[in-house]
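Take a look at the structure set out below.
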Amino acid sequence: MALAAAQGVEALTGRATETRLPHARRVRNKAPAPVQITAEHLLREARELREPDHPRAPTREIADADELAERRLMKRKFFEHAVGRASASASDWAKYAQWEEGNGDLARARSVFERALAAAAIARDHKLWAKYAEFEMRSRCVGHARNVWDRAAALLPRADQVWLGYVLMEETLGAVDNARQVFDRWMVWGPGAGAWCLYAKFELRHREVGRARAVYERFVAEHPSVAAFMRYAGFEEKRDEVERARRVYERAADVLADDVDELGTLLVAFAEFEEEFREVERARVICKYALDRVSEGRAEVLHGKLLALEEQFDDSKGIEDAIVAKRRLECLDVVRNNPLNYDSWFDLIRLEESVGDKERVRDAYERAVAKVPPAEKRFWRRYIYIWINYALYEELDAQDVERAREVYRECLNLIPHKRFTFAKIWLMAAQFEIRQRNLSAARRILGNSIGVAPKQKVFKKYIEMEVRLGNFNRVRTLYQKFIKCDAANSYAWRKYAELEKNLGESDRARAVYELAIGQPTLDKPDLIWKEYLEFEIEKNEFDRARKLYERLLGRTKHLKVWLSYAEFEASVGSCEEDSKSRQMERVKRCRGVFQRAFDHFRTSAPESKEERAMLLEEWLNREVSFGHLGDLSVVQTKVPIKVNRKRLIPSEDGSTSIREEFIDYIFPEENTHAPNLKIIEAAYRWKRQKTDDDDE
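Be aware that the sequence shown starts at 462, since it is given in this note's numbering, and climbs by one per residue.
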C-alpha cells in the first residue's frame, strides 16, 4: 500500500499535473476553397431560415397547471428583467401589461401600468397613457379610464393626443356633456387651430350650431389669424348665414389691419366672398380699399379683380358712403350699449377721421370725453388717451392751436389731482406751449403741476428744460422744491449736488451733501456718502475726506466702509515721486484703519467671524501690495483656521431637523481659551506641510 501511495503521488506530481498546450497545426493546402462564403451567402441563408417552409423548432406543449404556472413565472421573470433595465422603454412596459392582461390577471396588468408611470421619463410618453386607458375600457372600468385620462391631462396638458383620446372615449360612451367639459379644459391651455376645429366639428356632429359658433368666436379671439377668420366665415357661409359671414370678415379686417400680408390674403378672400353672392358693389369697394394697404404681390390679384368688376359698376362714392354709414351705426350701437368701452370710441373716432369731416371728428371726441369713468386710476388709464389724441388731432390735423390749448386745459381741470394725476398730460401740455414758443405758459403749467400734484418725472423734465435754457437760479429753486416735497429722495440730493459741482460751486455742493447726510431718512444713503467722499477726494481735500470717513464710521461699522477707508489711506495723494517717509505714512495710516476694524469686529461684533476673516484677507493683500514696506507677520498672526462643522436646522413645521455643513473660523485668541482645539491646529499645520512637500 505504501508503494502504491508513493506511485500515486509521483503520478500527481508528474505528467498528470503539467499544463498541456495545443500544438500548432501546419496548413498543408493553401489553395482557395472551391466554394467561397461571402456576406451575400450568409444573408441569403438567414432569409431562407425565416421562410415558412423551413422547418422550425418544435413548439412546446404545456401538459398541466403546474407546468403552466412555471411557464408564466419564467415569462414574468423575463418581463421583469426587461423593464428593470436602465434602458427600458414605455413599449417594454406596455408589452408586459398586455401579457398580464392576456393571462386574465387584470390587477397585475394595472400594477404594471402604475409602476411604469411612476418613472418620470416614461410617464411623459402619451402613448403609454392611451394604452392604459384602453386597457381600462376593455376591462369595462370606465371610472378607472376617466381617472387615467385625468391624470394624463394634468401631467401632459400640452399633448393634444391625450385630450383627443379623452374626448373620443367620452363621445364613444355617449357622454356628450363630459366630452364638452374635456374640450373646455383643453382650450384653457391654448392649443393650436386644429384643436379648436375639432371642438367645433364635435358640436356640429351633435347639431349644436350655437355652441359651434361660440367655439369659433373663442377660436378667433385666441388665434386672430387669416386662417381662423376664414374658417369661421366658411362655417357661417355653409349655413347660408351671409350677414354673419360678412361681419366675420369685417372683424378680421379690423383686427389684422396692421399686418400687410395677412390683411391682403383676407381682403382677397373677402372680395371673392362678396362676388360669389352677387354683391358686386361691395366687392369693388373692398378691392379699392385693399389696394392701398396690401403688398405688391397681392395688389396684382386685386387689380385683376377690380378690372373685372369695373365692367359691372360705374360709381363707387355711394357705396363708400353706405359702408361708412353702416360702420358708423355699428360703432354707435356698441358705445350705446357700453359707454365706457373706450376701444369702441377709438374705433368710431378712427372711422370719422378716415372720412375727413372735422365736425364729425370733433363731435365724436366730445361725446367720448363726456363719458367720464369712476375716480380710480385704473379706469382712467385708457380714457386719458382719448384726451391726448384729441389734443394732437387739433394741433396736427386740424391745426387749430387755440382749440388744442383748450383741450389740454379742460383735461387738466377734469383730472382729480388730489387722488391721482398723470404726469404725461402735464408734460405734453408744457411741450405744446414750448412748440408755440410760449415759455411763460409752459413754466406756469409745470409750476401748477408741482404745486397741485408733485411728481418726480415733472421735476426732472422741468429742470432739464431750465438747464438747457441756462437759468441755473431757477434750477436751484426747483431742486429746493423737489427736496422739500420728498426729502428722502436721494436722487434729488445727488442731482442738486452734481449741478453745483458742474457749475464749480464747491462750497454749495458741500453744503448740499451736508444737508443730505443729515436727513433722518434716505432711500439710498450709501450713494450720497459715496459721492460726497469722491467729491472731497477729487478736490484733494484729504483731511475733510478722512473726517467724513470717521463720521460715516460713527453711523455704521460695515465692512465695506472699513475697506473703503483703508483703500483711501493707502492711495491718498500717491504718486511715483513720493518720498519713502510719505509712503511709510500711508502704510501706517492704512494699517491703523485695518487694526481698528479688526479690534471692532473682535470686541464689538465677535459673532461676525466671516467679516473678520474677509477683513484679514484684504489686509494681507494690502500688505503684499506695499512691497518691501509691508509686514505680513502683522496679519499672519491673526489669520484664523477654517473648520468644517455641522449644525442642526429645524424644519418649517419643527418636527425634524436638517444637518447642514458650514465653515467656521477659529482665531488664535480662541485657541488659548480652548486647549482641545490645539489638536485641530496641529492637524492643519501637518496638512499644510504635506501639501508643500508634494508641491516640491
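Glycine included, each C-beta is placed from N, C-alpha and C at the ideal position.
Predicted model only: the values in this text are computed from it and were never measured.
Given residue i as reference, the closest of the options once Cα atoms are compared
i       : options                             : result
ALA885  : LYS879, CYS872, ASP984 and ARG896   : For clarity, residue 885 is Lys in the given sequence; the question names Ala instead. For LYS885, the nearest C-alpha among the options comes from CYS872.
ILE1102 : MET691, ALA1074, ARG1120 and GLU820 : ALA1074
GLY1211 : ALA636, HIS684 and HIS502           : The structure shown does not extend to residue 1211, since the chain is modelled only from 462 to 1157, so the question has no answer here.
ARG705  : PHE734, VAL729, SER686 and ALA718   : PHE734
ALA549  : ALA568, LEU529, VAL1033 and ASP586  : ASP586
ALA537  : TYR557, GLU528 and LEU529           : Reading off the sequence shown, one finds Arg at residue 537, where the question assumed Ala. Of TYR557, GLU528 and LEU529, the residue nearest in Cα terms is TYR557.
ASP553  : GLY565, LEU578 and ALA568           : LEU578
ARG700  : ALA682, SER686 and GLU669           : GLU669
ALA677  : LEU988, LYS662 and ILE498           : Here residue 677 is Tyr; the residue named in the question, Ala, does not match the sequence. For the residues LEU988, LYS662 and ILE498, the minimum Cα distance to TYR677 belongs to LYS662.
MET1045 : TYR940, GLU1084 and PHE644          : GLU1084
ARG870  : TRP887, ASP858 and ARG955           : TRP887
ARG898  : VAL919, VAL862, THR982 and ASN932   : VAL862
ARG1047 : GLU1030, VAL830, TYR627 and GLU575  : GLU1030
Assigned secondary structure, residue i (DSSP; H/G/I helix, E/B strand, else coil)
i       : result
GLU632  : helix
ASP1125 : strand
ASP492  : The sequence given here places Ala at residue 492; Asp does not occur at that position. Coil at ALA492, not helix or strand.
ASP776  : The predicted model places ASP776 with a pLDDT of 48, which falls under 50 and marks its position as unreliable; any figure quoted below should be read in that light. Reduced to three states, the DSSP call for ASP776 is coil.
HIS684  : coil
CYS602  : coil
THR474  : Reliability fails at THR474, whose pLDDT of 43 lies under 50, so the model's placement of it is uncertain and the value that follows must be treated cautiously. Here THR474 sits in helix by DSSP.
THR499  : coil
GLU961  : helix
ASN802  : coil
ASP808  : helix
ALA783  : Per-residue confidence for ALA783 stands at a pLDDT of 48, beneath the threshold of 50, marking its modelled position as unreliable; the derived number appears in the next sentence. Residue state, collapsed to three classes: helix.
ASP621  : helix
ALA949  : coil
GLU966  : coil
GLU697  : helix
GLN897  : coil
VAL833  : coil
ASP527  : helix
GLU827  : helix
GLU669  : coil
GLU522  : coil
ASN608  : helix
PHE734  : helix
ASP719  : coil
PHE883  : coil
PRO1067 : coil
ARG739  : coil
ASP586  : coil
THR726  : helix
LYS1099 : coil
Unbroken alpha helix (DSSP H) run spanning residue i, endpoints
i       : result
LYS662  : 654-666
ASP818  : Where ASP818 is concerned, there is no enclosing alpha helix (DSSP H), given that its DSSP letter is neither H nor E.
PHE574  : 567-578
LYS1070 : 1070-1086
LYS942  : 933-946
VAL637  : 637-649
GLY912  : 900-913
HIS1089 : Taken as a continuous stretch (DSSP letters only), HIS1089 belongs to no alpha helix (DSSP H), as it is neither H nor E.
ASP715  : 703-716
THR1064 : 1041-1064
SER550  : Taken as a continuous stretch (DSSP letters only), SER550 belongs to no alpha helix (DSSP H), as it is neither H nor E.
LYS922  : 917-930
Extent of the continuous beta strand (DSSP E) run through residue i
i       : result
LYS1107 : 1102-1111
Residue(s) in a DSSP beta bridge with residue i
i       : result
ARG1120 : LEU1109
Residue i Cβ short of 8 Å to the ligand FAD heavy atom set
i      : result
LYS592 : Among the ligands in the structure shown, none appear at all, so the ligand FAD cannot be discussed.
Where in the region 842-880 do unbroken runs of the beta strand (DSSP E), each at least 3 residues long, occur, reported from the N-terminal end onward? Every candidate beta strand (DSSP E) stretch fails here, since none sits fully inside the region 842-880 while reaching 3 residues.
Contained alpha helix (DSSP H) runs [length at least 4] in the region 971-1039, N- to C-terminal order: Those alpha helix (DSSP H) runs which fall completely within the region 971-1039 and span 4+ residues are 986-999, 1003-1016 and 1020-1032.
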